[in-house]
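Below: the structure, in structure tokens.
Below is the structure:
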């Protein structure tokens, strides 16, 4: 086999500028290799030494190492792993895990350091084989091939630090760190924990792999300065025992920050992409902050809110390992973006479709669609979505496979934002428990009394007949099912509050996918009126319906609300008038007119609120 380093000394300097965002992302390449080779334990080791700066002696990072208990490598594998573009997962049939490009070890290493040394063993650490790369030697023309692996003892400092090496494993050590911006081991770990914890959250949460961080000083290898295990950092905030858990517990919260969005179908949606004569599965998952998480003033300024601020975007996962957090799908300025979570998970076999870069930091094709207004483009071109996709097919553009997924994600984010706005309105009313039972609205109370009178006079409705003979538990479950079906967060707790209330009528802000302004659901003995937050009329009336007017509301704001309500009412009436006007003469038009008359008679009875 040829062992030439490609492209040797002429371009090795440019290869050092290969786009790794920082040391944490470069370290992630080594962790990828460890997990790919069966490691269940990975140690990120930072070795410091004391240096003199002026009149002071300070500790500075001297070497960075990654040690694992994976399967180790034989001579041929180690030899090829240090060559650029000659890894063990280049064939399509081997591309099922998080490795692929044969660039990870050498590329990530020289992006941070001038030298990388590798020890690996399969029959005990005493039988380790060794090879290395040295950028200085390569640039001077002194090194044109990867040195043939030889038996070599693992450095004593690592043996003293770890004590008991596994039967198999690998140790990668970076030295002459000329491109590491962080100067101490603690700083490296602080920055790496958030990123690495998010990248490998699936592996950490399932306990398939444990990632530890260790900081030691020179000549004190048996007494580490820092030892900690990385916790998962879940941007969907559905996992337990994560890096935000302590902040939540300090607030007395034990549950995850977010809840699944939309039930089983809405939370995880599966898409089948046909590519290269095979079918591939892609999953997209959604979550939204619970109201409990957002209670109180300035939740975004609290530690858990600040944590969420650093996790804004669509998390792009390849083989369950995060490539990056894509902010192209967000507004970029709206603080409410922190309260929703979206992740997309695809297999390595779709790398070309998603446009995965060789350093596994971006999926460029998917990223472009986040910043691309599909609806505006179709309108501008006068095209249908089918015609647009046909154009992409003619251009051999792989993004054609992602168009429908992109449209769905954009629509779901709109729904999530509407849910978050509706939450805010509810939370603005009163932070105290029982917001539906305490100080009930006069309108709902009046309507409940009118309905009771009508029932006594023999005018029963579906809400009464459906509830007959049902237990309290059954009626409450009916309400919960109704809320869950329309993406109302925390449906169980919300259903309890609605059921316990004495009020017959309950208004619920919901983001159901319909062109109707509201829906009416007679369930559990109640009449639930769901206002569609996706409908333009919602924004026209929401400030009046929010019930947060008090003695401190200034006159200008009141006038503005009244003007908007008046205009909104006119528009609704004009929309009905036009709807009636467009009906063809005959029975259908008569039915619409009759419905208007009957509704008017009911309205006149309900609206005598001062009697």
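In the numbering used here, the protein residues as written are 105 to 715.
Virtual Cβ for every residue (Gly too), placed ideally from N, Cα, C.
Buried or exposed (CB count within 10 angstroms, at least 16 for buried), residue i
i: residue 133; result: buried
i: residue 619; result: exposed
i: residue 379; result: exposed
i: residue 504; result: buried
i: residue 104; result: This structure cannot speak to residue 104, because the chain is shown only from 105 to 715.
i: residue 435; result: exposed
i: residue 217; result: buried
i: residue 489; result: exposed
i: residue 138; result: buried
i: residue 327; result: exposed
i: residue 157; result: exposed
i: residue 683; result: exposed
i: residue 705; result: exposed
i: residue 247; result: buried
i: residue 164; result: exposed
i: residue 586; result: buried
i: residue 660; result: exposed
i: residue 162; result: exposed
First through last residue of the alpha helix (DSSP H) which encompasses residue i
i: residue 692; result: 691–710
i: residue 298; result: 289–303
i: residue 589; result: 576–589
i: residue 409; result: 407–413
i: residue 480; result: 478–485
i: residue 241; result: 239–243
C-alpha distance - residue i paired with residue j, whole-angstrom precision
i: residue 663; j: residue 596; result: 38 Å
i: residue 594; j: residue 512; result: 23 Å
i: residue 213; j: residue 130; result: 7 Å
i: residue 440; j: residue 388; result: 20 Å
i: residue 556; j: residue 306; result: 54 Å
i: residue 66; j: residue 681; result: Outside the modelled stretch of the chain, which goes from 105 to 715, sits residue 66, for which no answer is possible.
i: residue 331; j: residue 319; result: 7 Å
i: residue 359; j: residue 344; result: 7 Å
i: residue 624; j: residue 424; result: 41 Å
i: residue 294; j: residue 178; result: 34 Å
i: residue 639; j: residue 613; result: 11 Å
i: residue 270; j: residue 124; result: 30 Å
i: residue 547; j: residue 554; result: 11 Å
i: residue 472; j: residue 599; result: 41 Å
i: residue 265; j: residue 309; result: 27 Å
i: residue 135; j: residue 285; result: 20 Å
i: residue 339; j: residue 568; result: 44 Å
i: residue 251; j: residue 144; result: 29 Å
i: residue 443; j: residue 385; result: 27 Å
i: residue 412; j: residue 281; result: 32 Å
i: residue 116; j: residue 239; result: 8 Å
i: residue 718; j: residue 119; result: Beyond the ends of the chain as shown, which are 105 and 715, falls residue 718; an answer cannot be given.
Cβ distance (whole Å) where residue i is taken to contact residue j below 8 Å
i: residue 397; j: residue 408; result: 7 Å
i: residue 516; j: residue 390; result: 6 Å
i: residue 457; j: residue 376; result: In fact, because the Cβ distance is near 13 Å, the residues do not count as touching under 8 Å.
i: residue 464; j: residue 322; result: Going by Cβ atoms, the distance from residue 464 to residue 322 rounds to 33 Å, so no, they are not a contact pair.
i: residue 149; j: residue 182; result: No, residue 149 and residue 182 are not in contact; Cβ-Cβ is about 20 Å, not under 8 Å.
i: residue 414; j: residue 298; result: 7 Å
i: residue 430; j: residue 417; result: 5 Å
i: residue 333; j: residue 314; result: 6 Å
Assigned secondary structure, residue i (DSSP; H/G/I helix, E/B strand, else coil)
i: residue 187; result: coil
i: residue 285; result: coil
i: residue 165; result: strand
i: residue 194; result: In this predicted model, residue 194 has a pLDDT of only 46, less than 50, meaning its place in the structure is not dependable; the value taken from the coordinates is given anyway. It is coil, neither helix nor strand.
i: residue 607; result: coil
i: residue 559; result: helix
i: residue 217; result: coil
i: residue 619; result: coil
i: residue 440; result: helix
i: residue 124; result: coil
i: residue 341; result: coil
i: residue 448; result: strand
i: residue 468; result: helix
i: residue 350; result: helix
i: residue 172; result: strand
Range covered by the beta strand (DSSP E) that runs through residue i
i: residue 626; result: 622–627
i: residue 332; result: 330–333
i: residue 148; result: 145–157
i: residue 631; result: 630–636
i: residue 384; result: 382–393
i: residue 372; result: 372–379
i: residue 748; result: Absent from the model: residue 748. The displayed extent of the chain is 105 to 715, so no value can be given.
i: residue 317; result: 314–321
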